[in-house]
Amino acid sequence: MKINNINTVRILVFSLVGLLTAADVFPDNTQLSKISFSSISIYQGLPSSTVFAIHQDKFGFVWFGTREGLVRFDGTNIKDLSYLSTAEFSLTGKMITAINEDENGNLYIGVWESGLFFYNRKTGKLNRINILNDSVSKSQMSVWRIEKGFNGDLYVGTKDHGLFVKPKEGSYLVPISSELTELNPRDITSLLLDSHNRLWVSSSNGLIMIDLNNDSDLNHLSGNFNVVSEIKSNVIHEDLNGIIWIGTNASGLYQVKEEENSIIVVKATDLFDNLNIRALESDNNGRLWVGTDGDGLHIYDFENNSVSQSVKLASNSSGLSSNTIFCLYKDKFGSMWIGTNKGGVNAAHLQKNKFKKLGASMKSFSNAMVMAVLQDRTGRLWIGTDGSGFGILDDMADSSLNVKFSLGAGKAVKAI
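Structure follows, in structure tokens:
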């Protein structure tokens, strides 16, 4: 179904001096103005207005896991993929709680009370990932979180059945919770693979850090460990500065502090006490977005220990559509996506008026008139000029642009 009020198309400005993207047209403004939200609901094609998972794949599509199935959004249209099925199972009407992908863009899909599934993009087929030795009934396993390791291994957190790993070259889920005997984390609420290749596991019993640089070494939190273990932690997040944040159930926001020989967890602020924090994400300006169960969205400036903006349910079309937020997700363009309870999806396109000059890295285009532009499914930008042939921009987000030219000088490309 086509959606008219969502604009995810990046408009480029062309001139004789090259390409512009907007940091050069509009100066960077770190002050947070009032945020306007776009929305996607059942009226635009969602099978359910409750959204548990959001993921942008390598091709730029945004996937939503809802209470009633799986959909894909291309910036304009929603495609319902709940029809995907195996010989004995269909995603239709199923609660999709987690989404991740491998290096080829194939999806791993966590389904409530049904286990983990693999969607092969090339063949279009859906397959269930079996559990080693059938130690847990596939029909009873509810997947909460999926995290991908640096080496391609997949870590899967479940409700009541603990933590599993699917080796990159393996075809089974292997239970590993039995190794974590100190906390016995059966009910996994969140997983985080940090920038140091450490897996953080939050559960109803506490918090564990597993150093994946040494597969046999399980490192448990020390210091304030007993205090942390009594707190219901819902979500773990690493921000742009490498700080790890922990959102809890009615106990506020915590922060991991690393000292010489220990790792401790301390209260970050009193601003979120008594709130049930369900989701955390950082925007490109380093602000921490805090999604709650029943109290809307709060944007936290931790350097000043202040909430720069609180957003609650609004009656207008550009406001937040629910006060209960189940997930927050930042896409590769810096847009913030919000999955809600009974309010569908909200999106804040924070970079929609920002342009950045690309011409400086493309000397062959410095005096060319750009006549045609096409972005392919892999995200590459094909650029046709009047006199300099055409080039391929591999990655608009990369400052070291890889531009390839063909046809030679004097050749005009007016359509692609």
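Mind the numbering: the sequence shown is residues 1125 to 1540 in the numbering used here, read in order.
Yeah, the Cβ is synthetic: ideal placement off N, Cα and C, and Gly gets one too.
All figures in this text were calculated on a predicted structure; none of them were measured in a lab.
In the structure shown, Y1167 falls within a helical segment according to DSSP collapsed to helix, strand and coil. Classified as buried, T1448 has 16 or more neighbouring CB atoms from the shown chains inside 10 Å of its CB. DSSP places N1257 within a helical segment (H, G or I) once states are collapsed to three. Going by beta carbons, S1375 and D1397 fall inside the 9 Å limit. Rounded to the nearest angstrom, the Cβ distance from V1359 to A1392 is 13 Å, too far for a contact under 8 Å. DSSP places D1455 in the coil class of the three-state scheme, outside both helix and strand.
In this structure K1283 is buried. Its beta-carbon is surrounded by 16 or more other beta-carbon atoms within 10 angstroms. In the DSSP assignment, the residues bridged to H1422 are V1414 and S1434. Taking 8 Å as the upper bound for CB-CB distance, L1331 and E1271 are not in contact here, some 15 Å apart. Between the segment 1169–1183 and the segment 1457–1475 there are three or more C-beta pairs closer than 8 Å, enough to call the two in contact.
Non-local beta-carbon contacts of K1203 in its own chain, meaning distances under 6 Å to residues more than five positions away in sequence, involve R1196 in chain order. Here L1444 really is in contact with G1420; their C-beta atoms are around 6 Å apart, less than 8 Å.
Pairing V1380 with I1367 gives a Cβ-Cβ distance under 9 Å. Residue range V1175 to Q1180 is occupied by the beta strand (DSSP E) that includes V1175.
Residue range V1186 to T1190 is occupied by the beta strand (DSSP E) that includes G1189.
Contact check for S1295 against I1233 fails: the beta carbons are separated by 9 Å or more. F1241 is a Cβ neighbour of T1210, given a cutoff of 9 Å.
Remark: C-beta atoms of G1273 and L1208 do not approach each other more closely than 9 Å. Between the alpha carbons of N1228 and G1248 lies a gap of roughly 13 Å. According to the DSSP secondary-structure assignment, F1241 is paired through a beta bridge with I1233 and R1252. Rounded to whole angstroms, the gap between the alpha carbons of Q1168 and V1389 is 43 Å. When rounded, the separation of the alpha-carbon atoms in T1509 and L1498 is 12 Å. No residue range can be given for F1183, since it is assigned to no beta strand (DSSP E) and is classified by DSSP as neither H nor E. DSSP places Y1207 outside both helix and strand once states are collapsed to three, so it counts as coil. Straight across, the Cα-Cα distance linking M1495 with K1538 is about 5 Å. Going by C-alpha positions, S1160 is about 20 Å away from D1198.
If you draw a straight line from the Cα of Y1378 to the Cα of F1426, it comes to about 12 Å. For N1244, the CB contacts under 7 Å within the same chain, skipping 5 residues up- and downstream, are N1230 in chain order. Proximity to S1206 across D1226, P1171 and E1237 peaks at P1171, based on C-alpha coordinates. Straight-line spacing of the CA atoms in L1278 and V1289 works out to 6 Å. Straight-line spacing of the CA atoms in F1185 and N1251 works out to 21 Å. The residue from Q1433, G1515, S1459 and R1269 with its alpha-carbon nearest to that of L1323 is R1269. Rounded to the nearest whole angstrom, the CA to CA distance from N1470 to I1164 is 6 Å.
Taking C-beta atoms as the reference points, S1386 and N1373 fail to come closer than 9 Å. For L1404, the uninterrupted beta strand (DSSP E) run begins and ends at I1401 to S1406, by DSSP.
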